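Engineer:
Residue numbers (the numbering used here): 20 to 208.
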């Protein structure tokens with residue numbers, strides 16, 4: 020027999036499920052943006068910190084190779100200083116990369132959520148529009164050549180088709196209505 024607390028938890032879960040039934044990945048845009056921004060920020064921090072630590076270690080060696088220590092005690096201070104420099108630079112690089120990753124991902128999914136709201140439909144066309152637009156803005160911001168811009172747009176099409184297709188399949192399996200599947204069934208029936 021269920022306790023009142025368990026019944027309350029089930030009721031809250033059922034309300035949450037009903038409220039998010041027709042949303043992408045079962046989440047409203049704000050929690051979805053927060054979750055993706057947080058995860059991409061952590062990924063960016065780890066990636067940036069690891070890369071910056073390695074590069075700073077090599078840079079420190081190059082800057083100090085003309086005066087390497089001769090005694091055991093001096094090697095201790097050399098490594099102590101090198102580790103301090105590498106750690107501080109890796110934290111800076113990690114934070115810089117975390118900001119880049121999370122702002123790009125939050126921007127992408129904000130555009131997608133905006134297109135969902137404007138069009139009134141949740142489908143892969145909105146995902147494709149968001150990925151193509153984000154790729155174009157990225158290419159123009161970093162002043163890529165025309166070949167680079169076209170490659171970023173092509174990557175946006177591919178990623179939009181892939182990610183949007185996966186989201187549409189999950190949405191359809193939850194008994195969601197997709198205009199390009201349900202519309203086709205209306206014409207054939």
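Glycine included, each C-beta is placed from N, C-alpha and C at the ideal position.
Quick caveat, the model's predicted, so the values are computed rather than measured.
Work out the CA separation of residue 35 and residue 21 for me, nearest whole Å.
Structural biologist: 20 Å
Engineer: Measuring CA to CA, which of 28, 43, 32, 31 is closest to residue 143?
Structural biologist: The shortest Cα separation from residue 143 among 28, 43, 32, 31 belongs to 43.
Engineer: If you compare alpha carbons, which of 105, 186, 69 is closest to residue 78?
Structural biologist: 105
Engineer: Across the region 51 to 70 and the region 111 to 130, are there enough close Cβ pairs to call them in contact, namely three or more that are closer than 8 Å?
Structural biologist: Short answer: they touch.
Engineer: Given residue 206, which residues of its chain have a CB within under 8 Å of its CB, disregarding the five upstream and five downstream residues?
Structural biologist: Because residue 206 carries a pLDDT of 46, less than 50, the predicted location of this residue cannot be relied on, and no value is offered for it.
Engineer: With DSSP collapsed to three states, give me the class of residue 141.
Structural biologist: Looking at residue 141 - three-state DSSP - the assignment turns out to be coil, as it is neither helix nor strand.
Engineer: How close, in whole Å, do the beta carbons of residue 169 and residue 123 come, if the pair is a contact with beta carbons under 8 Å?
Structural biologist: Residue 169 to residue 123, Cβ: 19 Å. No contact.
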